[in-house]
Amino acid sequence: MKSVVRMLLIASTLMLIQGAQAQSRPAPRRVVAPKARPKSGAAIMKDGVTMKDGKLIATEMGMTNPITADKTLRNGTVITTAGMVTGRDGVATQLREGDYVSLTGRVETRTEIAAQDSLQKLQAYDLKHPGKRKEMEKARDKAAKAKEKVDKEKEKAKARMAKN
Numbered sequence: 000m001k002s003v004v005r006m007l008l009i010a011s012t013l014m015l016i017q018g019a020q021a022q023s024r025p026a027p028r029r030v031v032a033p034k035a036r037p038k039s040g041a042a043i044m045k046d047g048v049t050m051k052d053g054k055l056i057a058t059e060m061g062m063t064n065p066i067t068a069d070k071t072l073r074n075g076t077v078i079t080t081a082g083m084v085t086g087r088d089g090v091a092t093q094l095r096e097g098d099y100v101s102l103t104g105r106v107e108t109r110t111e112i113a114a115q116d117s118l119q120k121l122q123a124y125d126l127k128h129p130g131k132r133k134e135m136e137k138a139r140d141k142a143a144k145a146k147e148k149v150d151k152e153k154e155k156a157k158a159r160m161a162k163n
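Those letters in the sequence shown? Residues 0 to 163, by numbering that gives the first Met the number 0.
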């Protein structure tokens, strides 16, 4: 009888130990940053014609080649080797350094491209840091108001000094 009680006592102790181990929590997983993907060596250019270093460069399906003869686009737009773009309707435009003509005939100037890039950067920043630009704007306004207040105080002090 004593051996049965001892066996039950040992069995219940082992079960309690087993239950205590099952309830312990595993260590929380650490958040790991995703591995950086290798970028291609050259920047990927859009299909179209670009004025670069005074030369016209055509990019189609990822292949970039200089233009040696006049090029006619799908919609009838003609691009000369000198960079003159003549649309179907006869409107002529001279390309400058950095300007781009899509394969559909749409001309984008360097300033338009830069504006698009800056807008894309702002959108990416807003996605990465939501509300941060608004906070910065509020802080800038607050600083400007504080500066105005200080300037007014200085003017008042000068006016008082002038009266005395």
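Each residue gets a CB set at the ideal place from its N, CA and C atoms; glycine is no exception.
Check: residue i C-beta below 7 Å from any heavy atom of the ligand SAH
{"i": "L7", "result": "Absent from the structure shown: the ligand SAH. Ligands present: none."}
One or two residues paired with residue i in a DSSP bridge
{"i": "N64", "result": "A57"}
{"i": "V77", "result": "T71 and T85"}
{"i": "S11", "result": "Its beta-bridge partners do not exist; DSSP assigns none."}
{"i": "V106", "result": "V100"}
Separation of residue j from residue i, as counted between CA atoms
{"i": "L126", "j": "R159", "result": "52 Å"}
{"i": "D165", "j": "A161", "result": "For residue 165 there is no data in the structure shown, the boundaries of the chain being 0 and 163."}
{"i": "V93", "j": "T85", "result": "Reading the sequence as shown, one finds Gln at residue 93 and not Val. Rounded to whole angstroms, Q93 to T85 spans 9 Å at the Cα level."}
{"i": "G40", "j": "R105", "result": "Reliability of the predicted coordinates at G40 is poor, the pLDDT of 47 falling under 50, and the value obtained from them is presented with this limitation in mind. Roughly 28 Å separates the two Cα atoms."}
{"i": "G130", "j": "E96", "result": "37 Å"}
{"i": "D98", "j": "R29", "result": "48 Å"}
{"i": "M60", "j": "T103", "result": "14 Å"}
{"i": "I16", "j": "R5", "result": "16 Å"}
{"i": "V31", "j": "Q122", "result": "25 Å"}
Extent of the continuous beta strand (DSSP E) run through residue i
{"i": "A91", "result": "A91 to Q93"}
Three-way DSSP call (helix, strand, coil) for residue i in this model
{"i": "T49", "result": "strand"}
{"i": "V4", "result": "helix"}
Element boundaries [alpha helix (DSSP H), containing residue i]
{"i": "V149", "result": "K131 to K162"}
{"i": "L118", "result": "R109 to K127"}
Candidates the options, of which the one nearest residue i by Cα
{"i": "K51", "options": "T80, M60 and V30", "result": "T80"}
{"i": "P171", "options": "V48, P27 and S117", "result": "Lying before the first or after the last residue shown, residue 171 is absent from the chain, which here runs from 0 to 163."}
{"i": "L72", "options": "V90, V3, L55 and V100", "result": "V100"}
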